[in-house]
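Visitor:
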Amino acid sequence: MVSIKGVGGRRLMLGALSTVAIALLPAATAAAADKPAKPTIVLEHGAFADASSWNAVIEVLRADGYPVVAAANPLRGPANDAAALRSVLDHVSGPKILVGHSYGGSVITVAGADDPEVKALVYVAAFLPAPGETALELTNKYPGSTLPGALDPTPFTLPDGTGGTDLYIKPGKFHHQFAADVPAGTAALMAATQRPIAQSALEEKTEVAAWKDKPSWAVITTQDLNIPAEAQRYMAKRAHAHSIEARASHSVAVSRPKIVAGVIEKAAHAAR
1145 MVSIKGVGGR RLMLGALSTV AIALLPAATA AAADKPAKPT IVLEHGAFAD ASSWNAVIEV
1205 LRADGYPVVA AANPLRGPAN DAAALRSVLD HVSGPKILVG HSYGGSVITV AGADDPEVKA
1265 LVYVAAFLPA PGETALELTN KYPGSTLPGA LDPTPFTLPD GTGGTDLYIK PGKFHHQFAA
1325 DVPAGTAALM AATQRPIAQS ALEEKTEVAA WKDKPSWAVI TTQDLNIPAE AQRYMAKRAH
1385 AHSIEARASH SVAVSRPKIV AGVIEKAAHA AR
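The sequence shown maps to residues 1145 to 1416 in this note's numbering.
1) With a threshold of 8 Å, are at least 3 pairs of Cβ atoms found where one atom belongs to the region 1364–1377 and the other to the region 1225–1233?
2) Does the count of Cβ pairs from the region 1256–1270 and the region 1207–1216 closer than 8 Å reach three?
3) Can you look up residue 1386 in the DSSP assignment and give me helix, strand or coil?
4) Determine whether the beta carbon atoms of residue 1286 and residue 1409 lie at a separation below 7 Å.
5) Excluding sequence positions up to five away, which residues of its chain have a Cβ less than 6 Å from the Cβ of residue 1277?
6) Residue 1222 by DSSP, collapsed to three states: which one?
7) Where are the alpha helix (DSSP H) runs, 4 residues long or more, that stay fully inside the region 1342–1399, in chain order?
8) In this structure, what does DSSP give as the bridge partners for residue 1188?
9) Are there 16 or more other CB atoms within 10 angstroms of the CB of residue 1342, so buried, or fewer, so exposed?
10) Verify whether the separation of the beta carbon atoms of residue 1212 and residue 1202 is less than 7 Å.
11) Could you please give me the residues that DSSP links to residue 1299 through a beta bridge?
12) Let me know if residue 1240 comes out buried or exposed under the rule of 16 or more other beta-carbons within 10 Å of its beta-carbon.
13) Please state whether DSSP places residue 1336 in a helix, a strand or coil.
14) DSSP has residue 1262 in a bridge; who is on the other side?
15) Tell me the rounded alpha-carbon separation between residue 1415 and residue 1294.
16) Please state the DSSP three-state secondary structure of residue 1232.
17) Sorted by chain position, which residues of the same chain lie with C-beta nearer than 8 Å to residue 1403's C-beta, five sequence neighbours on each side aside?
18) Who pairs with residue 1268 in a beta bridge, going by DSSP?
19) Quick one: using the 10 Å Cβ neighbour count with 16 as the cut-off for buried, is residue 1394 buried or exposed?
20) How would you label residue 1284, buried or exposed, when you count the other beta carbons within 10 angstroms and need 16 or more for buried?
21) When the Cα atoms are used, what is the spatial distance from residue 1274 to residue 1330?
22) Taking residue 1217 as the reference, give the member of 1236, 1235, 1193 with the closest Cα.
23) Taking only three categories from DSSP, how would you classify residue 1183?
24) Using CA atoms only, rank isn't needed, just tell me which of 1242, 1182, 1224, 1188 is closest to residue 1361.
25) Are residue 1222 and residue 1348 close, meaning C-beta to C-beta below 7 Å?
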């Protein structure tokens, strides 16, 4: 009799625990559903590069569970390129973090304005222009850029007869100028696949600045020969950006991808 009662008691206890577990299951499921999804990281490359320049950063972000989109930048001018980036943003649902490298910083500064789904901006060795400023103006604000002597200007003509000038970095100067801390073989591939920027894009004034009302982060590259570190510091301080400094070339996303990804993830976490 005692034995039967003991078994029954155990059965009763197990049944009670099962009932509690079942009762808690909907609450646990609801809690998981309420947990905000990670924002999509949208990467915008700059001049003399293409979307593949983000590859190593993408690998880190995806391993940490972030959805990522690396957009193709036309490199024609901040207004035109921001419109192209907005067309990408329109196809990405939910919250987004915009990340710009170099001239790509000018593009995200415009594209991120007045978009409530853009939660933060990350500038990687990049321009943070204010309305009315140009990339060329900001580059020349402080000494240190050796980019003009490394450029190969190339005229182009459009179908309507108008033309302009595309800027490349000379292949023989690419490694030193753009990616001094990247292995020579990798830098040679980057030089071969570089995309030119229209000279007029660097002379076009920025119309709006998303960093004025959105939180910003910045990776400042102290060995940068394109955008002087002092210019980067000036822009980041003005924007009240959360900044870190990396002893790296302009191609920090290639040479120090974990540092770059870490800053992006901090921005994403803070914005959730």
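From the three backbone atoms N, C-alpha and C, an ideal C-beta is built for every residue, glycine too.
Guide: To lay it out plainly:
1) no
2) no
3) In the sequence shown, residue 1386 corresponds to position 242, counting from 1. In the structure shown, residue 1386 sits in a strand (DSSP, three-state: E or B).
4) Position 142 of the sequence shown, counted from the start, is the residue given in the question as residue 1286. Position 265 of the sequence shown, counted from the start, is the residue given in the question as residue 1409. No; because the gap between Cβ atoms is not below 7 Å, this pair is not in contact.
5) Counting from 1 along the sequence shown, the entry for residue 1277 is found at position 133. Contacts found: 1350.
6) In the sequence shown, counting from the first residue as 1, residue 1222 sits at position 78. If DSSP states are grouped into helix, strand and coil, residue 1222 belongs with the helices.
7) 1343–1347, 1373–1382, 1396–1399
8) The residue labelled residue 1188 in the question sits at position 44 within the sequence shown. DSSP lists 1215, 1244 as partners of residue 1188.
9) Along the sequence shown, one-based indexing puts residue 1342 at 198. Its Cβ being crowded by 16 or more others within 10 Å, residue 1342 is buried.
10) Your numbering for residue 1212 matches position 68 in the sequence shown. Your numbering for residue 1202 matches position 58 in the sequence shown. Contact: yes.
11) Taking the sequence shown and counting its residues from 1, the one referred to as residue 1299 is at position 155. Answer by DSSP bridge pairing, in chain order: 1309.
12) Here residue 1240 is taken as the residue at index 96 of the sequence shown, counted from 1. It counts as buried.
13) Along the sequence shown, one-based indexing puts residue 1336 at 192. In this structure, residue 1336 counts as helix in the three-state DSSP scheme.
14) Position 118 of the sequence shown, counting from 1, holds the residue named residue 1262. Per DSSP, 1240.
15) Translated into positions along the sequence shown, residue 1415 becomes position 271. Translated into positions along the sequence shown, residue 1294 becomes position 150. When rounded, the distance between both Cα atoms is 39 Å.
16) Within the sequence shown, residue 1232 is the residue found at index 88, counting from 1. Residue 1232: helix per DSSP, three-state reduction.
17) Counting from one through the sequence shown, the residue named residue 1403 turns up at place 259. Within the same chain, residue 1403 has close Cβ partners 1363, 1388, 1390, 1392, 1396.
18) On the sequence shown, position 124 is the one that residue 1268 refers to. 1245, 1363.
19) Locating residue 1394 in the sequence shown gives position 250, where the first residue counts as 1. With 16 or more Cβ atoms within 10 Å of its Cβ, residue 1394 is classed as buried.
20) Within the sequence shown, residue 1284 is the residue found at index 140, counting from 1. Residue 1284 is exposed by the Cβ-count criterion.
21) For the purposes of this step, residue 1274 is taken as residue 130 along the sequence shown, with counting starting at 1. For the purposes of this step, residue 1330 is taken as residue 186 along the sequence shown, with counting starting at 1. Between residue 1274 and residue 1330, the C-alpha separation is close to 34 Å.
22) For the purposes of this step, residue 1217 is identified with residue 73 of the sequence shown, where counting begins at 1. Residue 1193 is the option with its Cα nearest to residue 1217.
23) Residue numbering aside, residue 1183 sits at position 39 when the sequence shown is read from its first letter. It is coil, neither helix nor strand.
24) Locating residue 1361 in the sequence shown gives position 217, where the first residue counts as 1. Taking only the C-alpha atoms, the option nearest residue 1361 is 1242.
25) Counting from one through the sequence shown, the residue named residue 1222 turns up at place 78. Counting from one through the sequence shown, the residue named residue 1348 turns up at place 204. Closer than 7 Å, so yes.
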